[in-house]
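The numbers in the sequence shown follow UniProt numbering, run straight up by one, and end at 99.
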Amino acid sequence: MLRAMEKGGFSYIMANRPFGVLYVGVTNDIHVRMHQHYEGRGSRFCQRYGIDRLVLVEPHGSIQEAIAREKQLKAWRREWKLELIEQVNPIWDDLSGLL
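Next up, the structure:
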């Protein structure tokens, strides 16, 4: 179970379906952020494209590290993101149930 870290953070990727539309985000509390997404308060982009599946989550020791990783992931080519998800979560399960 992933816990909110005192000064840490999380980078994460959500999708609307396997190999579908991807959303890359960052938060200091993954539980609260997923709750916001599932209530439709997460982002307009997620609402617009029906993005509701947490497919990758990475804990970081500081929020600055999490933000740096989010920026890195956003700069990646789509294919690289898909490969990363496939390595960690090959059946594209919604990982929010594991939090």
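The beta carbon of each residue, even a glycine, is placed where N, CA and C say it ideally should be.
Note that this is a predicted model, so its numbers are computed, not measured.
The alpha-carbon separation between residue 13 and residue 56 amounts to approximately 5 Å. With a contact defined as Cβ atoms closer than 8 Å, residue 10 and residue 58 qualify at about 6 Å. Bounds of the beta strand (DSSP E) holding residue 13 are 9-15. Assignment of residue 73 by DSSP, reduced to helix, strand and coil, places it in the helix class. Around the beta carbon of residue 93, fewer than 16 other beta carbons sit within 10 angstroms, so the residue counts as exposed. With respect to the 9 Å criterion, residue 26 and residue 51 are not classified as neighbours on the basis of their beta carbons. Rounded to the nearest whole angstrom, the CA to CA distance from residue 69 to residue 91 is 23 Å. Counting C-beta atoms within 10 angstroms of its own C-beta, residue 60 has 16 or more neighbours from the protein chains shown and is therefore classed as buried.
With a cutoff of 9 Å on beta-carbon distance, residue 73 and residue 84 are scored as near each other.
Check the Cα spacing between residue 28 and each of 88, 67, 17, 95: the tightest is with 67.
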